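Enquirer: Let me give you the structure first, and then I'll get to my questions.
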Amino acid sequence: EELRMSETTNFDVQSTSCVLCGRTDDCPEKYGEKRTYVEYNLTVHYYCLLMSSGIWQRGKEGEGVDGFLISDIRKEVNRAAKLKCNICKKKGASIGCVAPKCKRSYHFPCGLQRECIFQFMEDFRSYCWEHRPVQEFVDEEPRKSSQCTICLNLIEHLPMYTVLKSPCCKNAWFHRDCLQYQALSAGIFFFRCTVCNNKDKFQKEMFRMGIYIPERDASWELEENAYQDLLHRYQHCDVKRCLCKKGRDYNEPDSKWEIKRCQYCGSRGTHLACSSMKSLEQNWDCVECRSIFAKSGKHRKRKKCALATSEKTNGAASLLEEPPPKSPRQSSGPPHSFLLQSPKIKCQNLSPCSHLELPASNRVSMSLSPVMSSRNWSLSLRHKHLREKRRQVCNILKELKAQVKTKTTRLNIDAGNIWSSALKGFRQRVFSPANNIEVNFSNCKNTLKTNASASKYHFFQLLMLHLQNSSLFEGSSGKNLSLDFQAVKENLYFEAGKMIAISLVHGGPSPGFFSKTLFKCLVYGPENVKPALEDVADVDVVQTIQTIKYADNLSSLQSALQDCHKCLTAARSSRPVTALCDKNMLVNDILINHVIKRIALPLESFMQGLKTLGVLEKMQMHPDVFSSVFCHKPERLSAETVFNLFTIHSSSDVNQVKGAEFWMGYLQDVESGKSVVTLEDILLFVTGSCYVPSIGFDPEPTIKFLFIRYPIGNRLLNCLELPVTKTYQQFKKIMELTIGNT
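Convert by adding 3 to the 1-based position in the sequence shown; the result is the number in my numbering.
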């Protein structure tokens, strides 16, 4: 029977520290839910309790703390008090490594910091940094980088604690933190591989590698009215001449003003009277769907019965409004069963049949699905605006590249020590940002010798990845400058700014990791920027601000100020506090000091570096445009992106429409995971880069359809030469064989 160890109901302030690890941090993502039991004068992190080596759930589900009896928790605290942590050297280490003969003990937070593995399954084992399980990496696998399939940031294919590989997909790599957040959100029922949707094999491996998967429903399933948008039905008349006096959105059931939706797409509608329909039982299809079916001839067979009434009304079909183009629903047939429209198809020596003159049934079209919720539509519109801004950035950077001379500077780069070798190269006396840059990887087995651009692309990609994760920046997703006195002393902030500027003009990727606050400081000046709480990376400072911000009376505010005296002194805030509303000014003082004033020297140095080649000046002239490449992650490659990247050339004796059809079908197969290669592999095969540079490619990528046996990627001209085949299966097999083995 459980014994209550304390009858007091007075809450001890010290009990806000976890009794097992001694920390006050309240971070559910890292340490589990922090629970306080006033009646037992007890506070504990859930994960600290689960992983403690000397305690078991001896109670029922409702007893104690999730089945852990209070008396057992007290005994475990006493046992741990005798054990010293091998990491922080403090007492209270309740977790031990289960490896035979290993006597290491540690706190749960210390174990996370030292990259130990905690298995939240079966008997909840823990492994120290020396004996932890690791994933197998095939020696033949190239040490390249790809995108994390969750956050889309670049990730190195290296056997590291922070990197996890999918057990079921060859090309699926993840950041450990990304997977943990995904698991907490998805829960045990929806957590699965983001590429192939495998659940059992994927979860088993992630449990083994220390990912905690809660036994609950997904967060989006628990959100009230989360799918309300899906219940909306399309209610709008799209004919060119609507006859309803009450407007196009008026819908009266069981009358001639009832709206009938297209029987195929459901995303276009008409009043019965506007299309001369007598009853709702009659089928109606919109102009777009009719044009899609025109190729197969099915439309002619249906036209007599489905549009009989319409034909009697003096060309009523002309009353239908021509809405924006859309793609048909994909059937189970081959991916090339429909054509895709693109303005980037050019015919050579074929004047009578330009791509604009091709019949509607032979055009190639590419667009979004018409059935789209308001949330998806908003997201699509946002991506469209970002793409437009990035196109403008591309044009501006091309203007800046006019400064670059034909003279070449060679950089010898050690791939294993990218920062030091890059720093050495940029600081050499003969280096000039206005010279053309050629990169030679000295200690790399897979050196790309066939094309200098390929090495340069790879170098800038690795360099931007290193900068993003370096000590010069702090924060999670949107990063701000940190305060590193040694870096200030060595002028590294200047070098970092210069590297980013040179990378943008010379064909590197967009940084994409700046916070909006940092970007505004660069373009508007720090004195005109108001930081927010999410800009603070220091947990203690965040807690200080929250304590002041959420004080609900004057006495609690003054008490909080006494505890936060050190932080207020650093912020040089000596405001007299006479009313509760004064807390807002205090919070603002702390934010401005910590986020802006504290890093004044690094910011000034960083801005001087960004002035290289005139990049900062252009940023300040076009802030709204440049925010798309500094504050937003690069857009993930899609079939549509890659297809629109290339201009298709073809001679008169080649069926270019059929070739484009196969090409688009193959890109869609690759995007949906039905291929051994990735879209990045295809781009690398042609251009030498697995990403689209901020400045674009020079020359612009092109495609030629030729009577050849295998595809050829000409990286000097960024030209992809594709074979002409009779069937799509032949085309796909040849592409897989060539690109997969390159």
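Using N, Cα and C, we set each Cβ at its ideal position, and we do this for glycine too.
Just so we're clear, the structure is a prediction, and the values are computed from it rather than from any experiment.
Classify Ala405: buried if its beta carbon has 16 or more other beta carbons within 10 angstroms, exposed otherwise.
Expert: That one is exposed.
Enquirer: Can you list, in chain order, the residues of its chain whose CB lies under 8 Å from that of Asn438, leaving out five sequence neighbours each side?
Expert: Hits under 8 Å: Val407, Lys408, Lys410, Thr411, Thr412.
Enquirer: Applying the 10 Å Cβ sphere with the 16-neighbour rule, what's the burial state of Phe609?
Expert: The residue is buried, with at least 16 neighbouring Cβ atoms inside 10 Å.
Enquirer: What does DSSP give as the partner residues of Pro726 in its beta bridges?
Expert: In DSSP, Pro726 forms a bridge with Leu709.
Enquirer: CA-CA distance, Val689 and Gly716?
Expert: So the alpha carbons of these two residues sit roughly 4 Å apart.
Enquirer: So, with DSSP's three-state summary, where would you put Gly272?
Expert: Here Gly272 sits in strand by DSSP.
Enquirer: DSSP three-state label for Glu498, please.
Expert: Here Glu498 sits in helix by DSSP.
Enquirer: Going by DSSP in three states, Asn472 sits in which element: helix, strand or coil?
Expert: Three-state result, Asn472: coil.
Enquirer: Can the beta-carbon of Arg219 be found closer than 8 Å to that of Phe205?
Expert: Not in contact: Arg219 and Phe205 (Cβ atoms no closer than 8 Å).
Enquirer: Give the straight-line distance between the Cα atoms of Phe476 and Leu468, rounded to the nearest whole angstrom.
Expert: Taking the straight line joining both Cα atoms gives about 12 Å.
Enquirer: Grouping DSSP H, G and I as helix and E and B as strand, with all else coil, what is Lys681?
Expert: The question names Lys, but residue 681 in the sequence shown is Thr. Residue state, collapsed to three classes: coil.
Enquirer: Within 10 Å of its beta-carbon, does Trp59 have 16 or more other beta-carbons around it, so buried, or fewer, so exposed?
Expert: Classification for Trp59: exposed.
Enquirer: Short of 6 Å in beta carbon distance, which residues of its chain neighbour Glu441, apart from the five on each side in sequence? Order them along the chain.
Expert: Contacts found: Thr411, Arg413, Ala455.
Enquirer: Select from Phe646, Glu638, Gly67, Ala642 the residue whose C-alpha is nearest the C-alpha of Lys387.
Expert: Residue Glu638 is the option with its Cα nearest to Lys387.
Enquirer: For the region 543-558 against the region 657-675, do three or more pairs of beta-carbon atoms, one drawn from each stretch, fall closer than 8 Å, so that the two count as touching?
Expert: These segments do not touch.
Enquirer: Indicate whether Cys277 and Cys247 have their beta-carbon atoms separated by less than 8 Å.
Expert: It is a contact, given that the beta carbons lie within the stated cut-off.
Enquirer: So which of Leu187, Ser435, Glu261 has the shortest CA-CA distance to Leu616?
Expert: It is Ser435.
Enquirer: According to DSSP, is His509 helix, strand or coil?
Expert: Of the three classes helix, strand and coil, the one that applies to His509 here is coil, per DSSP.
Enquirer: Taking Asn174 as the reference, which of Gln150, Met738, Ala83 has the closest Cα?
Expert: With distances taken between Cα atoms, Asn174 lies closest to Gln150.
Enquirer: Counting pairs of Cβ atoms below 8 Å between the region 96-104 and the region 78-88, do you hit three or more?
Expert: Enough Cβ pairs lie closer than 8 Å, so yes.
Enquirer: Can you check whether the CB of Ile191 is closer than 8 Å to the CB of Pro217?
Expert: Contact flag set, yes.
Enquirer: Going by Cα to Cα distance, which pick from Cys240, Asn443, Gly250 is closest to Cys265?
Expert: Among Cys240, Asn443, Gly250, the Cα nearest to that of Cys265 belongs to Cys240.
Enquirer: Can you give me the C-alpha to C-alpha distance between Pro136 and Asp126, rounded to a whole angstrom?
Expert: One C-alpha to the other measures close to 16 Å.
Enquirer: Taking the C-alpha atoms as reference points, what is the distance between Pro605 and Leu486?
Expert: Answer to the nearest angstrom: the Cα atoms are 7 Å apart.
Enquirer: Decide if His110 is buried, meaning its Cβ has at least 16 other Cβ atoms within 10 Å, or exposed.
Expert: Classification of His110: buried, given that the 10 Å Cβ count is 16 or more.
Enquirer: Just to confirm, are Phe123 and Tyr215 a CB contact at a threshold of 8 Å?
Expert: Yes, the Cβ-Cβ distance between Phe123 and Tyr215 is below 8 Å.
Enquirer: Phe488 by DSSP, collapsed to three states: which one?
Expert: Helix at Phe488.
Enquirer: Since I believe Ile706 is in contact with Pro726 (beta carbons under 8 Å), could you give me their beta-carbon distance rounded to a whole number of angstroms?
Expert: That pair is no contact at about 12 Å.
Enquirer: Between Thr745 and the rest of its own chain, which residues show a CB-CB distance below 7 Å, the 5 nearest in sequence each way excluded?
Expert: For Thr745, where only same-chain residues beyond five positions count, the Cβ hits under 7 Å are Phe688.
Enquirer: Please work out which residues of its chain come closer than 6 Å, Cβ to Cβ, to Thr728, disregarding the five sequence neighbours upstream and downstream, and give them in chain order.
Expert: Answer for Thr728: Phe734, listed in chain order.
Enquirer: I'd like to check one pair, Leu583 with Leu564: are the Cβ atoms closer than 8 Å?
Expert: Result no, Cβ atoms of Leu564 and Leu583 do not sit closer than 8 Å.
Enquirer: Does the region 613-629 come close enough to the region 396-404 to have 3 or more Cβ pairs within less than 8 Å?
Expert: Because the criterion of three Cβ pairs below 8 Å is met, the region 613-629 and the region 396-404 touch.
Enquirer: For Gln464, count neighbouring Cβ atoms within 10 angstroms of its own Cβ and tell me buried if that reaches 16, exposed if not.
Expert: By the 10 Å Cβ count, Gln464 comes out buried.
Enquirer: At 4 residues or longer, and completely inside the region 109-159: list those alpha helix (DSSP H) runs for me, N to C.
Expert: Counting only runs of 4 or more, we get 111-116.
Enquirer: Report buried or exposed for Trp176, applying the criterion of at least 16 other Cβ atoms within 10 angstroms of its Cβ.
Expert: So Trp176 ends up on the buried side.
Enquirer: In three-state DSSP terms, what is Trp176?
Expert: Strand, per DSSP.
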